[in-house]
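Here is the structure we will look at, set down as structure tokens.
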Amino acid sequence: MSNRLKVGDKAPSFSASSTQGLVNLKDYEGKWVILLCNPSEFNNWRKNEIISLVKYAKAFKEKNTELITLSMDKKASHLQWFYAGARLGSYAMPFPIVDDRLGEIGKLYGVETSENASTETHLFIIAPDQTLAKSFTVPNFGIPQVGQLINHLTTLQDGYRPQIQGIGNQPPGTNPLCDNVPIVGEYVLGNPNNVDAILLDFVIYAFALINADGTLQVYSERYLRELVNLKLENPNLLVILGIGGWGADGFSDAALTPSSRYAFAREVQRWVNEYTLDGVDIDWEYPGSSAAGIKSRREDKENFTLLLTALRDVLGDEAWISVAGTGEASYINNVQIAEIAPIINYFNLMAYDFTAGETGATAGRHQANLYPSDLSLNNMTSVDNQVQNLMNAGMPSEKILMGLPFYGRYGAINTRTFDELRKNYINKNGYTVRWDNIAKAPYIVDPDDDFAYSYDNLLSIYFKGLYVIENCLGGLFAWQSGMDKANILAQGMSQAIRSPEVLEDLLAKAYYQALEAQGQQT
7 MSNRLKVGDK
17 APSFSASSTQ
27 GLVNLKDYEG
37 KWVILLCNPS
47 EFNNWRKNEI
57 ISLVKYAKAF
67 KEKNTELITL
77 SMDKKASHLQ
87 WFYAGARLGS
97 YAMPFPIVDD
107 RLGEIGKLYG
117 VETSENASTE
127 THLFIIAPDQ
137 TLAKSFTVPN
147 FGIPQVGQLI
157 NHLTTLQDGY
167 RPQIQGIGNQ
177 PPGTNPLCDN
187 VPIVGEYVLG
197 NPNNVDAILL
207 DFVIYAFALI
217 NADGTLQVYS
227 ERYLRELVNL
237 KLENPNLLVI
247 LGIGGWGADG
257 FSDAALTPSS
267 RYAFAREVQR
277 WVNEYTLDGV
287 DIDWEYPGSS
297 AAGIKSRRED
307 KENFTLLLTA
317 LRDVLGDEAW
327 ISVAGTGEAS
337 YINNVQIAEI
347 APIINYFNLM
357 AYDFTAGETG
367 ATAGRHQANL
377 YPSDLSLNNM
387 TSVDNQVQNL
397 MNAGMPSEKI
407 LMGLPFYGRY
417 GAINTRTFDE
427 LRKNYINKNG
437 YTVRWDNIAK
447 APYIVDPDDD
457 FAYSYDNLLS
467 IYFKGLYVIE
477 NCLGGLFAWQ
487 SGMDKANILA
497 QGMSQAIRSP
507 EVLEDLLAKA
517 YYQALEAQGQ
527 QT
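Residue numbering for the sequence shown follows our numbering, beginning at 7 and increasing consecutively.
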């Protein structure tokens, strides 16, 4: 396509003759419209493909959706053949075929009409307010793709909110009903040499640790400086010092008294100033808990709030302060969520590791499913549930960053980086990828068809990005960059927020190509 329309743009209006008389797009306001355009000879749509659209016509009607197809075929005989078929009722077509032999309507939508034009079918889904909800291209559009088109439509309708007049020029990936622009970032553990700063809004160094005397130390100051140097590639990149992590001690002592709290805050300020950082991420796992062998006190709940208050007082209003935690009841009961919300910029929801403590049969369950399903740990374990728990406890949606795992997990027993999964397990060596459409989560089964790994892929990240945008969340982050050295998931995460329509196009093409390859093998 040239002059490509963007999601949210007003769909170009048109009026033209068709097999059902004059078609005026404005007459369809209040309904969903699917506009299909194939710039090649119209007989490339084989008879069985036309029949497939007719077959699903009732399903589209039930979804308040009208189909309009454009005939851009310059050979009038083909168009006349369909006109004749419609008049005689031999095809019983319940949707109009619009005459666009000059390609004028196609040009409005950025579709090439030259002899060298692509033979792909271009699909435009137009919302009831006549804005473009989605556009993508499909090679060899046919029977299997019609059902998939309905799935696309269902997803869009479920999350549809009409545009409000007066709110325009929203960046891609934003919801006009939200007050925030979502962001994307990564935790960086170890060497940052694969981090693509252009894809990200922030990076978090993992991790600084608290010494017994209250000072901080890091594994590698060189790696921290290299993270800061990424600002040369992306001057808008925020570089954050992460403190803590699983099994990291020292927080309960640091938060214990006014003196210890301000000493800790000044130590953080020293590091922020020395390394020209933008703020701090507090990863206390977890207040009030000794599960990882760390010291805890009953006072941790209140003291955590006071520690964050001291940090804000010392670092100032412009500094980034975030907290990493979960949306589980055990966490929320030990943290004053409503009280810390005004202090922090973001709550980094570790929306993964749901099965990290599981062995036996329950190890083979989703670790980061968006919604509950038969393969989730239970009907209350999901990303959505944890988001709702946090919001109900007083955390504003726009401050919640949803975490993504860049690794696969089988309970407490086994984890693999995404790079390892790609190399050895994703449709390799007898392992097969499956998709749980209810949970919006992929998983891998072994040669015996047993559950092997739960992980995130581009498709699940796409749905999580939609969730972030539709629910006005703060954005996405990943744990962690070194597990995705080719930045496959990192790029998908960035696209899911900044340009979801591009990611959907890539996924749709991959899906249709897989179907075509499958058909060639049978």
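Where is the CB? At the ideal position from N, CA and C, for every residue including glycine.
With 16 as the cutoff for other CB atoms within 10 Å, does residue i come out buried or exposed?
| i | result |
| --- | --- |
| residue 108 | exposed |
| residue 238 | exposed |
| residue 386 | exposed |
| residue 388 | buried |
| residue 20 | buried |
| residue 249 | buried |
| residue 160 | exposed |
| residue 181 | buried |
| residue 44 | buried |
| residue 332 | buried |
| residue 299 | exposed |
| residue 267 | buried |
| residue 157 | exposed |
If you drop the 5 nearest sequence neighbours on each side, which residues of the same chain put their C-beta closer than 7 Å to that of residue i?
| i | result |
| --- | --- |
| residue 352 | 328, 405, 407 and 480 |
| residue 439 | 432, 433, 448 and 450 |
| residue 467 | 410, 495, 498, 499 and 502 |
| residue 323 | none |
Once you ignore the five residues that flank residue i on each side, which residues in its own chain have a CB closer than 6 Å to its CB?
| i | result |
| --- | --- |
| residue 200 | 491 |
| residue 314 | 346 and 349 |
| residue 436 | 453 |
| residue 23 | 105 |
Does residue i have its Cβ less than 7 Å from a Cβ in chain B?
| i | result |
| --- | --- |
| residue 510 | The question asks about chain B, but that chain is absent: this structure has only one protein chain. |
Of all the options the options, which has the alpha carbon lying nearest to the alpha carbon of residue i?
| i | options | result |
| --- | --- | --- |
| residue 213 | 286, 303 and 158 | 286 |
| residue 486 | 443, 192 and 325 | 192 |
| residue 241 | 295, 137, 126 and 205 | 205 |
| residue 37 | 23, 135 and 236 | 135 |
| residue 423 | 417, 413 and 274 | 413 |
| residue 337 | 457, 278, 393 and 104 | 393 |
| residue 162 | 228, 69, 344 and 17 | 69 |
| residue 483 | 71, 460, 103 and 189 | 189 |
| residue 368 | 11, 333, 419 and 219 | 419 |
| residue 493 | 228, 60 and 425 | 425 |
| residue 343 | 359, 226, 358 and 307 | 307 |
| residue 128 | 41, 247 and 33 | 41 |
| residue 416 | 396, 460 and 153 | 460 |
Are the beta-carbon atoms of residue i and residue j separated by less than 7 Å?
| i | j | result |
| --- | --- | --- |
| residue 403 | residue 477 | yes |
| residue 66 | residue 73 | yes |
| residue 529 | residue 488 | With the chain covering 7 to 528 only, the question about residue 529 has no answer from this structure. |
| residue 284 | residue 326 | yes |
| residue 264 | residue 341 | no |
| residue 379 | residue 442 | yes |
| residue 391 | residue 382 | no |
| residue 514 | residue 142 | yes |
| residue 258 | residue 304 | no |
| residue 114 | residue 15 | no |
| residue 373 | residue 361 | yes |
| residue 309 | residue 261 | yes |
| residue 78 | residue 27 | no |
| residue 233 | residue 271 | no |
| residue 254 | residue 312 | no |
| residue 222 | residue 273 | yes |
| residue 29 | residue 132 | no |
| residue 377 | residue 445 | yes |
| residue 457 | residue 370 | yes |
| residue 211 | residue 247 | yes |
Going by DSSP in three states, residue i sits in which element: helix, strand or coil?
| i | result |
| --- | --- |
| residue 448 | strand |
| residue 20 | coil |
| residue 137 | strand |
| residue 403 | helix |
| residue 416 | strand |
| residue 373 | coil |
| residue 328 | strand |
| residue 310 | helix |
| residue 498 | helix |
| residue 268 | helix |
| residue 259 | helix |
| residue 356 | coil |
| residue 194 | strand |
| residue 441 | strand |
| residue 335 | helix |
| residue 367 | helix |
| residue 428 | helix |
Using C-beta distances below 8 Å, list every residue in its chain close to residue i, excluding the 5 sequence neighbours before and after it, in chain order.
| i | result |
| --- | --- |
| residue 185 | 404 and 478 |
| residue 35 | 134, 135 and 136 |
Between residue i and the ligand MG, is the CB less than 6 Å from at least one heavy atom?
| i | result |
| --- | --- |
| residue 435 | What this structure holds is no ligand at all, so the ligand MG is not there to describe. |
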